[in-house]
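This report concerns only the one structure given below.
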Amino acid sequence: MKVVVIGAGYAGTIAANRLTRKSDVDVTVVNPRADFVDRVRLHEHVAGSGTALTPLAEMLDPRIRLIVGSVDTIGDGTVVLADGTSLPFDRLVYAAGGAPTAPSGTYAVGALETAEQARSALAALPDGAAVTVVGGGLTGIETAAEVAESRPGLRVRLLSEGEVGASLGPGARARVRRELDRLGVVIERGRFDGAVDGLVLWAIATQVSDLAARSGVAVDDAGRVLVDEFLRSVSDPRIVAVGDGAAVPGQRLSCQTALPQGAHGADNLARELAGKSARRYSMGYTGQNVSIGRKRAVIQAARRDDTPTRIHFGGAAAAVVKEQVCRMARGAAHTARYAWLPAPR
Numbered sequence: 001m002k003v004v005v006i007g008a009g010y011a012g013t014i015a016a017n018r019l020t021r022k023s024d025v026d027v028t029v030v031n032p033r034a035d036f037v038d039r040v041r042l043h044e045h046v047a048g049s050g051t052a053l054t055p056l057a058e059m060l061d062p063r064i065r066l067i068v069g070s071v072d073t074i075g076d077g078t079v080v081l082a083d084g085t086s087l088p089f090d091r092l093v094y095a096a097g098g099a100p101t102a103p104s105g106t107y108a109v110g111a112l113e114t115a116e117q118a119r120s121a122l123a124a125l126p127d128g129a130a131v132t133v134v135g136g137g138l139t140g141i142e143t144a145a146e147v148a149e150s151r152p153g154l155r156v157r158l159l160s161e162g163e164v165g166a167s168l169g170p171g172a173r174a175r176v177r178r179e180l181d182r183l184g185v186v187i188e189r190g191r192f193d194g195a196v197d198g199l200v201l202w203a204i205a206t207q208v209s210d211l212a213a214r215s216g217v218a219v220d221d222a223g224r225v226l227v228d229e230f231l232r233s234v235s236d237p238r239i240v241a242v243g244d245g246a247a248v249p250g251q252r253l254s255c256q257t258a259l260p261q262g263a264h265g266a267d268n269l270a271r272e273l274a275g276k277s278a279r280r281y282s283m284g285y286t287g288q289n290v291s292i293g294r295k296r297a298v299i300q301a302a303r304r305d306d307t308p309t310r311i312h313f314g315g316a317a318a319a320v321v322k323e324q325v326c327r328m329a330r331g332a333a334h335t336a337r338y339a340w341l342p343a344p345r
């Protein structure tokens with residue numbers, strides 16, 4: 001059986017590795033770059049305090065064929081690359097993931113190419129220059145904190161339409177605000193008006209690749225592939241969709257979501273090859289972690305339905321936990337070993 005995996009982020013990498021190690025299949029991964037992008041570290045990449053890149057040759061099982069290129073369309077049992085190459089498939093793992101964009105004059109933190117541009121632009125700023133981070137979610141918090149800690153001479157502002165850290169509980173949100181204040185980050189509520197004063201980092205990443213939509217695969221209004229309870233496309237059961245580009249009810253965009261989806265999709269393909277029935281996908285959350293620079297973090301426990309509990313902690317101990325979580329995510333994609341809680345009944 002020929003399996004093509006589109007995308008080598010958390011979902012695509014763990015799916016390819018897990019399937020290869022569980023079944024005797026011919027797996028080809030198509031990815032636009034030769035590196036695995038550790039998206040939970042892109043804010044470090046921007047600030048120059050770390051890197052988000054690991055060669056895919058080190059991440060993928062050596063039996064997997066890697067093609068560095070872009071997919072133009074998904075056809076009837078065929079993937080057509082931008083250079084015209086056709087790859088036939090019996091099954092397809094769609095892990096094309098997100099495609100963050102940003103307004104003119106700003107840099108999207110969630111996309112590697114613009115994150116690298118932002119890294120260069122930030123390094124060139126003199127002390128006293130202004131940096132505005134747009135977006136009060138976890139990515140915005142981490143980016144503002146990382147920039148403020150690595151470049152204390154800059155004037156860092158975090159601009160958010162809503163409550164900063166809205167997905168966290170009240171206690172954790174208050175802790176985040178205190179930590180940002182300690183680093184000198186100014187928090188402002190409001191909408192970005194398009195005016196670029198200094199460096200503007202766009203930390204809102206909700207867009208996904210339009211590959212599925214332009215290929216005629218059934219998608220929702222956001223362009224995510226509509227799937228059944230087994231993570232199969234509702235319009236083509238040969239396609240398993242996982243990660244940011246899959247419309248799985250109750251799931252948010254995160255590596256905490258992408259890893260179990262990629263693993264489960266691979267497991268179902270392996271079960272199919274063994275003549276067994278597919279299993280329904282079920283996943284429950286455990287919490288959220290947000291870095292506040294390299295030395296501090298805030299950890300928020302959650303119920304399996306992703307609602308925050310009253311349990312949270314911060315400081316240096318939380319930074320150790322956050323670092324271990326980031327390492328575990330990358331390690332899980334590489335080793336294909338991952339376990340998760342089922343969704344609440």
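Numbering of the sequence shown is given in UniProt numbering, commencing with residue 1 and proceeding in unit increments. Ideal Cβ placement from N, Cα and C applies to all residues, glycine included.
Using the rule of at least 16 other Cβ atoms within 10 Å of the residue's Cβ for burial, across every protein chain shown, is PRO308 buried or exposed? Counting from one through the sequence shown, the residue named residue 308 turns up at place 308. By the 10 Å Cβ count, PRO308 comes out buried.
LEU154: CB within 7 Å of a non-hydrogen atom of the ligand MG: Here there are no bound small molecules, and the ligand MG is not part of this structure.
Please classify ASP306: is it buried, with 16 or more other beta-carbons within 10 angstroms of its beta-carbon, or exposed? Along the sequence shown, one-based indexing puts residue 306 at 306. Burial call: buried.
For ARG224 versus VAL234, is the C-beta distance shorter than 8 Å? Along the sequence shown, one-based indexing puts residue 224 at 224. Along the sequence shown, one-based indexing puts residue 234 at 234. Going by C-beta atoms, ARG224 is not nearer than 8 Å to VAL234.
Would LEU341 be called buried (16 or more neighbouring beta carbons within 10 Å of its own) or exposed? The count along the sequence shown starts at 1 and reaches residue 341 at position 341. Exposed.
Closest by C-alpha distance to GLY284, when choosing among ALA301, GLY153, VAL131 and ARG294: For the purposes of this step, residue 284 is taken as the residue at position 284 of the sequence shown. GLY284 has its Cα closest to that of ALA301, out of ALA301, GLY153, VAL131 and ARG294.
Let me know if GLY84 comes out buried or exposed under the rule of 16 or more other beta-carbons within 10 Å of its beta-carbon. Counted from its first residue, the sequence shown places residue 84 at position 84. When all chains shown are included, GLY84 counts as exposed.
Would you mind stating whether ARG173 and GLY314 have Cβ atoms separated by less than 8 Å? Along the sequence shown, one-based indexing puts residue 173 at 173. Along the sequence shown, one-based indexing puts residue 314 at 314. No.
Over what stretch of residues does the beta strand (DSSP E) that includes LYS2 continue unbroken? Within the sequence shown, numbered from 1, the residue matching residue 2 stands at position 2. Taken as a continuous stretch (DSSP letters only), the beta strand (DSSP E) holding LYS2 covers 2-6.
Who are the Cβ neighbours of ARG110 in its own chain at under 6 Å, not counting the five residues just before and after it? Residue mapping note: residue 110 aligns to position 110 of the sequence shown, counting from 1. The sequence given here has Gly at residue 110, not Arg. Answer for GLY110: PRO100 and ALA205, listed in chain order.
Following the continuous alpha helix (DSSP H) through ALA57, name the residue where it begins and the one where it ends. Here residue 57 refers to the residue found at position 57 when the sequence shown is read from its first residue. 56-59 is the span of the alpha helix (DSSP H), which, as asked, contains ALA57.
Euclidean distance between Cα positions of LEU180 and ALA145: Mapped onto the sequence shown, residue 180 falls at position 180. Mapped onto the sequence shown, residue 145 falls at position 145. Looking at the two C-alpha atoms, the distance is approximately 6 Å.
Three or more C-beta pairs below 8 Å linking the segment 265-282 and the segment 117-133: no
Does the beta-carbon distance from ALA339 to SER282 come in below 8 Å? Here the question's residue 339 lines up with position 339 in the sequence shown. Here the question's residue 282 lines up with position 282 in the sequence shown. Not in contact: ALA339 and SER282 (Cβ atoms no closer than 8 Å).
Look at the alpha carbon of THR139 and the alpha carbon of LEU159, and state the distance between them as a whole number of angstroms. Residue numbering aside, residue 139 sits at position 139 when the sequence shown is read from its first letter. Residue numbering aside, residue 159 sits at position 159 when the sequence shown is read from its first letter. For THR139 and LEU159, the distance between alpha carbons rounds to 12 Å.
Are LEU154 and VAL46 touching if we call contact CB-CB under 8 Å? Along the sequence shown, one-based indexing puts residue 154 at 154. Along the sequence shown, one-based indexing puts residue 46 at 46. No, Cβ-Cβ distance for LEU154 and VAL46 is not below 8 Å.
If you check the beta carbons only, do GLY97 and GLY243 fall under 8 Å apart? If you number the sequence shown from 1, residue 97 lands on position 97. If you number the sequence shown from 1, residue 243 lands on position 243. It is a contact, given that the beta carbons lie within the stated cut-off.
Burial state of SER215, where buried means 16 or more other Cβ atoms lie within 10 Å: Locating residue 215 in the sequence shown gives position 215, counting from the first residue. Classification for SER215: buried.
Please classify GLN324: does DSSP put it in a helix, a strand, or coil? Walking along the sequence shown from the start, residue 324 turns up at place 324. Three-state DSSP puts GLN324 in a helix.
What does DSSP give as the partner residue(s) for PRO88 in the beta ladder? Taking the first residue of the sequence shown as 1, we reach residue 88 at position 88. Its beta-bridge partners are THR78.
Are the segment 260-267 and the segment 7-15 touching, with three or more C-beta to C-beta distances below 8 Å? yes
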